[in-house]
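Engineer: Residue numbers (the numbering used here): 1 to 175.
Think of the CB as a built atom: it goes at the ideal place given N, C-alpha and C, for glycine as much as any other residue.
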């Protein structure tokens, strides 16, 4: 773990491990700081979460069997992923940009959560979008899509099996 920040802010950036989970957060409001980054190197990753306008950016590809991702409250995640199963929960203006490949993508988006995954090729996807969320996905074989309350799902890849249901101004479109 390496912290890069203005010298007067180091005491406010907390890194701690609880129940085998690394938590990184600010103990005070440091949003206006010119420099604030935390670099983390891990051998194995199976869960990543960001919230409250935090940005999580992967500098190298993540390779794992199962990966759970969470972006909420304007938190952003940008990753290159190679996995069997990826679960993405995005809410409250959270954004997620994924590249790479997976066998299965499960996505739950709400409250203006956005998923940009046109460059993330998956065999199967189960996507639910509501409350102005937006998902752009690339699926090749099987897609289960649910869009409601102005939620939008846009997909490419011509899946062989499509189970699509939209309601309350939600939309599902092939691109």
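Spatial neighbours of residue 79 within its chain, please: CB distance less than 7 Å, with the 5 preceding and 5 following residues excluded, ordered by chain position.
Structural biologist: The answer, listed in chain order, is 58, 62 and 98.
Engineer: So which of 105, 60, 36 and 69 has the shortest CA-CA distance to residue 49?
Structural biologist: The shortest C-alpha separation from residue 49 is found at 69.
Engineer: Write down every uninterrupted run of the beta strand (DSSP E) in the stretch 65-91 whose length is 3 residues or greater and which is fully enclosed by it, in chain order.
Structural biologist: Taking only runs of at least 3 residues, the beta strand (DSSP E) segments lying wholly in the stretch 65-91 are 76-90.
Engineer: Sort out for me which residues DSSP pairs residue 18 with in a bridge.
Structural biologist: Residue 18 pairs with 21.
Engineer: By the 10 Å Cβ neighbour count, where 16 or more other Cβ atoms means buried, how is residue 174 classified, buried or exposed?
Structural biologist: Exposed: under 16 other Cβ atoms inside 10 Å.
Engineer: Which runs of the beta strand (DSSP E) spanning at least 3 residues fall entirely within the stretch 82-151, listed in chain order?
Structural biologist: Those beta strand (DSSP E) runs which fall completely within the stretch 82-151 and span 3+ residues are 95-109, 114-129 and 134-147.
Engineer: Which residue from 167, 15 and 103 puts its Cα closest to that of residue 146?
Structural biologist: Answer by Cα proximity: 167.
Engineer: Give me the Cα-Cα distance between residue 14 and residue 39, rounded to the nearest whole angstrom.
Structural biologist: Cα to Cα, the separation comes out at about 13 Å.
Engineer: Give me the residue from 75, 101, 4 and 112 with the minimum Cα distance to residue 135.
Structural biologist: Nearest option by C-alpha distance: 112.
Engineer: Assuming residue 12 and residue 30 form a contact by the criterion Cβ under 8 Å, report the distance between their Cβ atoms to the nearest whole angstrom.
Structural biologist: About 6 Å separates the two Cβ atoms, so the contact holds.
Engineer: Hey, is residue 121's beta-carbon within less than 8 Å of any beta-carbon in chain B?
Structural biologist: Absence of chain B from the displayed structure is noted, only one protein chain being present.
Engineer: Since I believe residue 170 is in contact with residue 157 (beta carbons under 8 Å), could you give me their beta-carbon distance rounded to a whole number of angstroms?
Structural biologist: That pair is no contact at about 20 Å.
Engineer: Just how far apart, CA to CA, sit residue 47 and residue 8?
Structural biologist: If I take the Cα positions, the gap works out to 31 Å.
Engineer: Identify, in the order they occur along the chain, each residue of the same chain with its Cβ nearer than 6 Å to the Cβ of residue 87, setting aside the five sequence neighbours on each side.
Structural biologist: Around residue 87: 68 and 106.
Engineer: So what does residue 36 bridge to, in DSSP terms?
Structural biologist: Partner(s): 5.
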